[in-house]
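Here the structure comes first, spelled out in C-alpha cells, and everything after it is commentary.
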Amino acid sequence: MKFLLIEDNSHLAHAICSRMGFDGHVIDHAATIEDARAFSQTEDYDLILLDIMLPDGDGRDFLKHHRAGKKDTPVIVLTARSQVSDRISILDLGADDYVTKPFDHAELEARVRAVLRRRGGTSQTVIRIDNLAFDPVAGTLEVANEAIQLRNRELRLLELLINAPGQIFAKQKLVDRLFSYDDDVSENAIEVYIGRLRKHLKGSSLSITTLRGLGYRLDHD
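Numbering (this note's numbering), first residue to last: 17 to 237.
What follows is the structure, encoded as C-alpha cells:
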C-alpha cells in the first residue's frame with residue numbers, strides 16, 4: 017500500500033520509512049505541512065501518518081483541512097501529547113487513531129494494520145477466492161494449498177488488483193501506487209511484475225487481462 021508520512025524528525029522518519037518499506041509499503045515523506053498538502057493533492061494514499069508539531073504549523077490544521085476536503089483517507093496521528101483531552105481532540109478532528117511518542121515500531125505497525133482492516137470493513141485479513149487464499153498483512157499466498165513466495169511489490173500489486181476486481185489500472189497508475197517519488201522506474205517495470213504475478217496465479221480462478229492502450233484488469237474466471 018502507499019502511505020504519506022508527515023514528520024519533520026529526519027531520524028524518526030527514516031526509521032518509519034525503513035520499517036514500512038521492509039513490509040512492502042511505498043512511503044512518500046513530507047517534512048512540512050506545505051509539502052504534505054502538495055503530496056495529498058496529487059496522490060491517492062491508503063494511509064497518512066501525521067505528526068502534530070511541524071516547522072510550518074500544527075498538524076491538526078492539516079487534518080482539519082484534509083477532512084474538510086471530504087477526503088476519507090485513514091489518518092494515524094503521531095503525537096508527544098499524552099493528555100486525555102489532547103487525544104480526544106485529535107479523534108474529534110477526524111483522526112482514525114493515534115500513537116503517543118516515543119512508541120515501539122511494532123505497535124505502530126499493528127495500529128496501521130488495525131486501521132486498514134477497519135477501513136476495509138472487516139477484522140479478517142485473509143481473502144479467499146475458490147482455491148486461492150491471500151493474506152496481504154502476513155504476506156502469504158496459497159493456490160490449491162501450495163504456498164507461493166511473493167516479493168514485496170508482487171504482494172502489493174496483487175493486493176491492489178484483488179481489492180478492485182474488474183477495475184482497469186493504467187500502467188502509470190500502477191507505477192504511482194507501487195513506487196515513491198524518489199524511485200527511478202519506468203512503466204516497463206510494471207510489465208515484469210505483471211508477468212511474475214500471472215505465473216503465481218496459474219491454477220487459480222483469477223487471471224490478469226491486458227487491455228491494449230488501457231492497462232490491466234484482474235478477472236475471475
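Cβ coordinates follow ideal geometry from the N, Cα and C atoms, glycine included.
- When the beta-carbon positions are compared, Asp67 and Asn25 come within less than 9 Å of each other.
- For His45, the enclosing beta strand (DSSP E) starts and ends at Val42 to Ala46.
- In the structure shown, Arg127 adopts helical secondary structure according to DSSP, grouped into three states.
- With respect to the C-alpha of Asp62, the residue from Val115, Ile92, Glu207 and Gln183 having the closest C-alpha is Ile92.
- As summarised for the region 80–110, the continuous beta strand (DSSP E) elements at least 3 residues long and confined to that stretch are 91–95, given in chain order.
- Where Val115 is concerned, the enclosing beta strand (DSSP E) starts and stops at Asp113 to Thr116.
- Per DSSP, Glu158 lies in no alpha helix (DSSP H); the unbroken beta strand (DSSP E) holding it starts and ends at Thr156 to Val159.
- DSSP places Ser220 in the coil class of the three-state scheme, outside both helix and strand.
- In this structure, the CA atom of Ser101 is about 10 Å from the CA atom of Asp108.
- DSSP, read as helix, strand or coil, puts Arg228 in coil.
- At a Cβ-Cβ threshold of 9 Å, Glu207 and Gln188 do not count as neighbours.
- Contact between the region 179–193 and the region 211–231 is present: 3 or more CB-CB pairs across the two stretches fall below 8 Å.
- The C-beta distance from Asp44 to Ser196 rounds to 5 Å, short enough to fall under 8 Å.
- For Ala186, no alpha helix (DSSP H) segment is defined, and its DSSP state is neither H nor E.
- Looking only at Arg169, Ala47, Arg35 and Gly182, the smallest Cα-Cα distance to Ala205 is reached by Arg169.
- Asp151 and Val142 do touch by the CB rule: their CB atoms are close to 5 Å apart, below 8 Å.
- By the Cβ-count criterion, Val128 is buried, with 16 or more other Cβ atoms from all chains shown falling within 10 Å of its own Cβ.
- With contacts defined as CB atoms closer than 9 Å, Val131 and Pro90 qualify as a contacting pair.
- Taking a 10 Å sphere around the C-beta of His27, we find fewer than 16 other C-beta atoms and assign the residue as exposed.
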